[in-house]
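Novice: Residue numbers (this note's numbering): 9 to 312. Glycine included, each C-beta is placed from N, C-alpha and C at the ideal position. Keep in mind the model is a prediction, meaning the values are calculated, not measured.
1. Can you check which of these residues, 101, 215, 129, is closest to residue 224 by C-alpha distance?
2. With 16 as the cutoff for other CB atoms within 10 Å, does residue 293 come out buried or exposed?
3. Would residue 48 and residue 9 be called neighbours here (beta carbons separated by less than 8 Å)?
4. Have a look at residue 240 and residue 136 and give me their C-alpha separation to the nearest angstrom.
5. For residue 300, which of helix, strand or coil comes out of DSSP?
6. Decide if the region 149 to 165 is in contact with the region 246 to 263; the criterion is three or more beta carbon pairs, one per stretch, under 8 Å apart.
7. Are there 16 or more other CB atoms within 10 angstroms of the CB of residue 212, so buried, or fewer, so exposed?
8. Check whether the Cβ atoms of residue 169 and residue 232 lie closer than 8 Å to each other.
9. Please say whether residue 91 and residue 121 have beta carbons closer to each other than 8 Å?
10. Sorted by chain position, which residues of the same chain lie with C-beta nearer than 7 Å to residue 59's C-beta, five sequence neighbours on each side aside?
11. Please check if any C-beta of chain B sits within less than 8 Å of the C-beta of residue 132.
12. Could you tell me whether the Cβ atoms of residue 144 and residue 180 are closer together than 8 Å?
13. When burial is assigned at 16 or more other CB atoms within 10 Å of the CB, is residue 96 buried or exposed?
14. Within the same chain, show all residues whose beta-carbon is closer than 8 Å to that of residue 85, passing over the 5 residues directly before and after it, in chain order.
15. With DSSP collapsed to three states, give me the class of residue 96.
16. So, with DSSP's three-state summary, where would you put residue 214?
17. Note down the Cα distance separating residue 73 from residue 286, rounded to an integer number of angstroms.
18. Note down the Cα distance separating residue 199 from residue 205, rounded to an integer number of angstroms.
19. I'd like the list of long-range same chain contacts for residue 309, defined as Cβ closer than 8 Å, with 5 residues on each side in sequence excluded.
20. For residue 165, which option in 177, 178, 176, 150 has the closest C-alpha, if you only look at C-alpha atoms?
21. Just mark residue 154 as buried or exposed, buried being the case when its beta carbon has 16 or more other beta carbons within 10 Å.
22. Using the Cα positions of residue 244 and residue 13, report the straight-line distance between them to the nearest angstrom.
Right, here's the structure in full:
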């Protein structure tokens, strides 16, 4: 089995590493905050630098916050120059499609393979090994990565390098807009006197049913905004969506509006709540609060 170097042991990276270790892969780990690697110290090698991490790798996986961080860690610091010929680099971060294409060209010049393979499914999917993986790259590289992907979830080969990131942008447009729709729908129903938990239950059986309504609707009702995917990351993804749209000459009014709502959410100090916490901005805007029990929405004064 290939030896994997995994860079980025955060909310998503940690459960993905656990899945790979459970599947029998040997791993070397690196993270900017070294303490996050310590839970795996007895099962994996711990590297002190990215260059040390990738030096003996057959496969390098990055799961970092954004394209700028990936660029800095692997490319600006020339970590990538230490790759052995034939190493497969799999970037599972969510980055700009153009950045993925540029990185793919750099790896190819060094004699390596490259896939951009962002994921959807959040921390729950990472823990369960049910992530949706959207891969861009060549057929041979995709085939090489198949055993690795199998431990993490279900993979779709979207097309050439960069197309995995385009699929992730499409995913995040649907996720962000739908979170906004679910927030508005539950607050609307509650303000009119309906029981929002029963509204959600009813809607799950119809055309409005979705994982967003199921999982994030539940989070909203229980006010559980511990991050599975942080609001600041959703804002970053929406910014990339709008940048890509402008580059393609497109206008995306729904994405633009939800982007502005997430901007306001972060301006209110909620950048690290789960992205379902967009409800908090809607509550602030309307001066009401979605109840956790039965009954309609309450005003800020009524809820204390």
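Specialist: Judging by the given coordinates:
1. 129
2. exposed
3. no
4. 24 Å
5. coil
6. no
7. exposed
8. no
9. no
10. 87, 90
11. The structure shown contains no chain B, having only a single protein chain.
12. no
13. buried
14. 58, 59
15. strand
16. coil
17. 20 Å
18. 13 Å
19. Because residue 309 carries a pLDDT of 44, less than 50, the predicted location of this residue cannot be relied on, and the following value inherits that uncertainty. For residue 309, where only same-chain residues beyond five positions count, there are no Cβ hits under 8 Å.
20. 150
21. exposed
22. 26 Å
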